[in-house]
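Here's the structure we're looking at; comments come further down.
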Ligand code: SF4
Ligand code: SF4
Ligand code: SF4
C-alpha cells in the first residue's frame with residue numbers, strides 16, 4: 044500500500060522539543076501574558092498554548108498510532124498557512140517561556156517551527172523573505188553599500204586598525220539610527236578607551252534570519268557569522284562591545300551554535316562595560332540633567348533572553364539629575380515593545396499595537412524620558428509614542444543619555460531615523 048508522506052514533519056525540532064510539546068498541561072498561563080495575543084484583540088490562534096496544541100495535533104496526525112498503522116492523516120494546506128501566520132505573529136519575547144509551569148523553552152520552539160515551515164515552503168511572512176537576498180548580497184538588510192557602514196564617523200572620532208576592544212556597530216546603528224553609533228564611539232573616545240571596528244568587513248549579525256527561521260537558507264547565516272568572527276580575530280580584539288540588544292543576543296547565543304565552536308572573545312553589552320567603569324570610578328559626569336525623570340524598558344533580547352537587567356539601570360541611576368523610576372512590568376516580567384522576531388517587518392500593525400501598550404505602561408509613571416538599550420526598541424517605542432500622541436515623552440537610548448551627561452556634543456550627527 045502506498046502511503047502519503049506526513050504533511051508536517053519533525054524537521055528542525057529536537058527530541059527534547061517534541062517532548063516539550065507533549066508536556067504542555069494546557070494551563071493557559073502563557074496566554075495571559077502574550078503581548079501579541081493581547082494587542083491582536085485576543086486572536087485565539089496567536090495564543091502560545093494554541094500553537095503548541097496545534098503542533099501536538101499535527102504530530103499525532105503525522106506519527107501517531109493511527110498514522111503508523113494506516114498512514115499519516117493529511118493536514119489541510121489552508122490550516123498550515125494559517126498556522127504559519129500565527130507562529131510568525133510572535134516577537135520571540137520569551138514571556139511565555141518565563142511563565143510556563145512546564146518549563147517549555149517556547150522561543151526555541153517557535154524558531155524551530157518557523158525553520159520547519161520555511162523548509163516546507165510556507166514561511167516567512169510580509170517583507171521577511173527579503174532578508175535572505177539583502178543580507179546575502181549586501182551583508183545588511185538595508186541594501187546599503189558596505190562602504191557606507193562607516194559613513195557616520197565624524198573627523199574627531201578615532202578608530203584604531205587593531206585593538207583589544209572592538210565595537211560591533213550593527214546594521215541599524217551604522218546605517219539607520221546613526222546617533223547610537225555616533226554616541227557609542229564618542230563615549231569610548233571620551234573615556235580614552237582605544238577601540239577598533241570591522242568597517243566595511245562587518246556582516247549583518249543575522250538576528251533577522253535566525254529569529255524568522257531562515258538561518259539555514261544558502262548557509263548565509265553561518266558564512267556571515269564566520270566572516271565576523273574571523274574579522275574580529277584579525278583585528279586582535281578579545282572584547283567585543285555591542286550597543287544593540289538584537290546583535291548582542293545573536294552573537295552571544297547564536298554565533299557559537301551556527302559555527303559549532305566557542306567564540307574566541309568576550310561578548311559585552313555597552314551598558315555592562317559602562318557599569319564596570321562606574322564601579323572602577325572611571326566615569327566623571329560633566330553635564331547633569333535638569334531634574335528629569337527617566338524609566339527603562341528592558342529589551343527582551345537583552346533582558347529575559349540573556350539576563351542583562353541591572354547594568355543599564357545602574358548607568359541611568361548614576362547619571363546626576365536623572366531620577367530613575369520603574370514601570371510596573373520590568374525585568375523578567377517586562378512587556379515587549381513589539382518589534383522583535385521579525386514582527387516589525389512582517390506584521391507592522393501588530394508591532395505598533397504592542398508598542399502603544401508599552402508606551403502606556405511608561406506613561407502611567409509620568410516620566411520625561413523612556414529609555415532603552417536597543418535601536419529596535421527605540422524605533423518601535425517612538426512609533427508607539429507618536430501613535431498615542433504622547434509627543435512630550437522623549438524616547439532615548441541609554442548610551443545617548445550617557446554621552447549627553449558626559450558633556451559630549453551629538454548635534455553634528457545627522458540621524459536619519461529615530
Ligand atoms: S514569545 Fe512572546 S509574543 Fe511569542 S508567543 Fe510567547 S509571549 Fe507571545
Ligand atoms: S504555560 Fe506552558 S504548560 Fe501552560 S499552556 Fe502555556 S505552554 Fe502549556
Ligand atoms: S525590539 Fe527590543 S523589546 Fe522589542 S523584541 Fe527586540 S529586543 Fe525585545
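Numbering (the numbering used here), first residue to last: 44 to 461. Ideal placement from N, C-alpha and C gives every residue a C-beta, glycine not left out.
Rounded C-alpha distance that separates residue i from residue j
i           : j           : result
residue 202 : residue 169 : 38 Å
residue 405 : residue 316 : 26 Å
residue 48  : residue 58  : 20 Å
residue 344 : residue 424 : 15 Å
residue 319 : residue 308 : 18 Å
residue 458 : residue 414 : 18 Å
residue 227 : residue 123 : 44 Å
residue 125 : residue 118 : 11 Å
residue 365 : residue 62  : 48 Å
residue 270 : residue 243 : 12 Å
residue 50  : residue 375 : 37 Å
residue 451 : residue 444 : 10 Å
residue 463 : residue 200 : There is simply no residue 463 to check, as the chain begins at 44 and stops at 461 in what is shown.
residue 106 : residue 121 : 20 Å
residue 370 : residue 416 : 16 Å
residue 148 : residue 352 : 20 Å
residue 339 : residue 144 : 28 Å
residue 285 : residue 418 : 11 Å
residue 78  : residue 378 : 7 Å
residue 211 : residue 247 : 10 Å
residue 64  : residue 115 : 19 Å
residue 507 : residue 456 : Any question about residue 507 goes unanswered here, given that the chain covers just 44 to 461.
residue 72  : residue 101 : 23 Å
residue 431 : residue 392 : 14 Å
residue 361 : residue 137 : 29 Å
residue 82  : residue 139 : 15 Å
residue 238 : residue 265 : 26 Å
Residue i beta carbon near ligand 2 (any heavy atom closer than 7 Å)
i           : result
residue 97  : no
residue 261 : no
residue 130 : no
residue 142 : yes
residue 147 : yes
residue 314 : no
residue 72  : yes
residue 69  : yes
Proximity test, Cβ basis, 8 Å: residue i and chain D
i           : result
residue 290 : In the structure shown, chain D does not exist; there is a single protein chain.
Checklist entry - Is there contact between the stretch 241–258 and the stretch 376–385, where contact requires at least three CB pairs shorter than 8 Å? => result Touching, yes.
Next on the checklist: Please enumerate, following chain order, all residues with a beta carbon closer than 5 Å to at least one heavy atom belonging to ligand 1.
Outcome noted: Residue selection by CB proximity (closer than 5 Å to any heavy atom of ligand 1) returns 77, 79, 91, 133, 134, 136, 138, 139 in chain order.
Checklist entry - Can we say the stretch 187–197 touches the stretch 287–295, given the rule of at least three CB pairs closer than 8 Å? => result Between the stretch 187–197 and the stretch 287–295 there are fewer than three C-beta pairs closer than 8 Å, too few to call the two in contact.
Checklist entry - Can you list the alpha helix (DSSP H) stretches of 4 or more residues lying completely in the stretch 302–354, in chain order? => result Counting only runs of 4 or more, we get 313–322.
Checklist entry - Counting Cβ pairs, one atom from each stretch, are 3 or more of them under 8 Å apart for the stretch 83–90 and the stretch 129–145? => result The answer is yes - the stretch 129–145 touches the stretch 83–90, with three or more Cβ pairs under 8 Å.
Next on the checklist: Does the structure place the stretch 334–344 close enough to the stretch 282–293 that three or more beta carbon pairs sit under 8 Å?
Outcome noted: Between the stretch 282–293 and the stretch 334–344 there are three or more C-beta pairs closer than 8 Å, enough to call the two in contact.
Item to check | Validate contact between the stretch 156–164 and the stretch 421–440 using beta carbons, cut 8 Å, 3 pairs | outcome: The stretch 156–164 makes no contact with the stretch 421–440; the number of CB pairs closer than 8 Å stays below 3.
Next on the checklist: Under 8 Å: do the stretch 177–186 and the stretch 393–411 share three or more Cβ pairs, one atom per stretch?
Outcome noted: No, because fewer than three Cβ pairs between the stretch 177–186 and the stretch 393–411 fall closer than 8 Å, the two stretches do not touch.
Item to check | Continuous beta strand (DSSP E) assignments of at least 3 residues falling wholly in the stretch 375–415 | outcome: Those beta strand (DSSP E) runs which fall completely within the stretch 375–415 and span 3+ residues are 412–415.
Next on the checklist: Any contact between the stretch 273–289 and the stretch 150–160? By contact I mean 3 or more CB pairs, one from each, below 8 Å.
Outcome noted: Taking 8 Å as the limit for Cβ pairs, the verdict is that the stretch 150–160 does not touch the stretch 273–289.
Checklist entry - Can you list, in chain order, the stretches of the alpha helix (DSSP H) that have 4 or more residues and sit fully within the stretch 242–266? => result The stretch 242–266 is shown to contain whole alpha helix (DSSP H) runs of 4 or more residues at 250–254, in chain order.
Item to check | Ranges of the alpha helix (DSSP H) found wholly within the stretch 142–198, counting only runs of at least 4 | outcome: With a minimum length of 4 residues, the continuous alpha helix (DSSP H) runs that stay inside the stretch 142–198 are 149–163, 173–181.
Item to check | 4-residue-minimum alpha helix (DSSP H) runs that sit fully inside the stretch 83–107, ordered along the chain | outcome: With a minimum length of 4 residues, the continuous alpha helix (DSSP H) runs that stay inside the stretch 83–107 are 91–106.
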